[in-house]
Amino acid sequence: MSDTQPRVGLGKRDFGDYGDSVEPVEGVVLVDSDYLKDRKVFGQVVTTFRYGREEDEVMGLHFSRQLYLALDQIYPIDQQPEKSELQDKLLRKLGDNAIPFTFDLPENAPPSVTLQPGSDDQGAPLGVDYELKLFIAETKEEKPHRRNSVSMAIRKLQYFQPGPMVRQPSTMVSKGFVLSPGKLQLEVTLDKEYYFHGDKIAVQMVVTNHSKKTIRNIKVNVIQNTEVTMINGHYHKSVASIDSKEGCPIIPGATLSKVFYLLPSADNNK
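Quick note on our numbering: the sequence shown kicks off at 188 and runs consecutively.
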């Protein structure tokens with residue numbers, strides 16, 4: 188970063204959407220007054236929706252859309268808005284040349300979403316992402332240059348308060364075998380209905396072997412299923428899995444009851 192390039196300070200990069208309210212994007216931007224001269228400082232929040240792979244973009248075809256959620260002049264302005272406690276702290280840290288700014292995200296703006304890429308995908312992952320950009324220019328229509336702009340990735344995260352759980356989610360399936368009598372019965376129960384990022388998924392599994400087969404291995408998968416209505420696309424990706432031999436083999440007539448814990452994580456799905 189050059190000495191004349193703006194510097195941005197934020198208290199955080201994740202901003203919550205609580206249904207009836209959305210946290211504002213608050214921060215300050217530090218600019219060199221000698222470099223600024225008579226020009227202005229603008230800020231913008233851009234969301235990008237990528238619904239197709241970059242490597243498939245040919246002949247001018249693009250599988251992404253951009254939407255400008257905010258584009259405002261933040262310096263100079265006629266009336267300085269009231270500063271938040273966070274902005275006061277950042278101003279004391281960065282000095283008198285720092286300029287406070289606040290952007291309100293629309294309540295109907297989509298939350299940040301990242302679809303886990305497949306093993307053959309090379310470009311940017313599919314999903315919705317947000318970028319905050321501050322730049323120096325004569326007008327807001329002017330295309331910002333790298334030397335007089337600064338950008339930072341941010342996220343709009345959706346939160347909700349789940350209601351009381353009526354019952355634990357549960358399902359049961361049975362499978363027969365060709366030319367072999369009896370069936371294999373599997374019952375799966377989850378510990379709760381809703382999971383947040385960072386929550387472990389507890390899977391209570393009961394396997395009853397009424398068949399003549401012997402079970403030697405158990406595999407548990409968490410599959411991310413996504414439907415993109417704009418292009419009528421469907422995506423499926425395993426985001427957590429366990430391959431276990433504990434309690435095996437399950438011989439004919441035997442039953443196994445066991446709890447498996449899975450933790451979907453972006454760190455394990457890059």
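Using N, Cα and C, we set each Cβ at its ideal position, and we do this for glycine too. These numbers were taken from a predicted model, which means no experiment stands behind them.
To the nearest angstrom, report how far apart residue i and residue j are at their CA atoms.
i, j, result
"V209", "Y346", "10 Å"
"I429", "Q391", "13 Å"
"V394", "T442", "6 Å"
"N408", "S425", "7 Å"
"H384", "L344", "11 Å"
"G369", "E242", "49 Å"
"F447", "D316", "33 Å"
"L302", "G314", "6 Å"
"K445", "S357", "15 Å"
"G434", "N404", "9 Å"
"H421", "L373", "27 Å"
"P298", "G239", "18 Å"
"E330", "Q355", "Contrary to the premise, residue 330 reads as Lys rather than Glu in this sequence. Cα to Cα, K330 sits roughly 54 Å from Q355."
"R252", "V300", "14 Å"
State yes or no: is the C-beta of residue i within less than 8 Å of the C-beta of residue j?
i, j, result
"L217", "A296", "no"
"L321", "P211", "no"
"L258", "F229", "yes"
"M339", "V195", "yes"
"K227", "P263", "yes"
"V233", "E318", "yes"
Determine the burial state of residue i: buried for a count of at least 16 other Cβ atoms within 10 Å of its Cβ, exposed for fewer.
i, result
"N335", "buried"
"L292", "buried"
"D201", "exposed"
"F288", "buried"
"F290", "buried"
"V337", "buried"
"T416", "exposed"
"L254", "exposed"
"S452", "exposed"
Using a Cβ-Cβ cutoff of less than 6 Å, which residues in the same chain neighbour residue i once the five nearest sequence positions on both sides are dropped?
i, result
"P349", "Y381"
"S431", "I405"
"D219", "T191"
"E414", "H421"
"H332", "none"
"M359", "E374"
"E294", "V209"
"L465", "Not covered by the structure: residue 465. The range shown for the chain is 188 to 457."
So, at 8 Å on beta carbons, what are the nonlocal neighbours of residue i in its own chain, with the 5 sequence-adjacent residues on each side left out?
i, result
"M352", "K379 and E380"
"T326", "K227"
"N412", "H421, Y422 and H423"
Just confirm the distance between the C-beta atoms of residue i and residue j, as a whole number of angstroms; I'd bet it's less than 8 Å.
i, j, result
"L273", "E213", "6 Å"
"L450", "K387", "5 Å"
"S361", "L371", "7 Å"
"V215", "L281", "6 Å"
"N396", "I341", "Contact flag wrong, Cβ pair sits at about 52 Å."
"G197", "I323", "Checking the displayed sequence, the identity of residue 197 turns out to be Leu instead of Gly. In fact, because the Cβ distance is near 19 Å, the residues do not count as touching under 8 Å."
Beta-carbon within less than 7 Å of residue i's beta-carbon, same chain only, minus the 5 sequence neighbours each way: which residues are those?
i, result
"A311", "R237 and E241"
"P436", "T401, I402 and R403"
"S367", "S398, K399 and K400"
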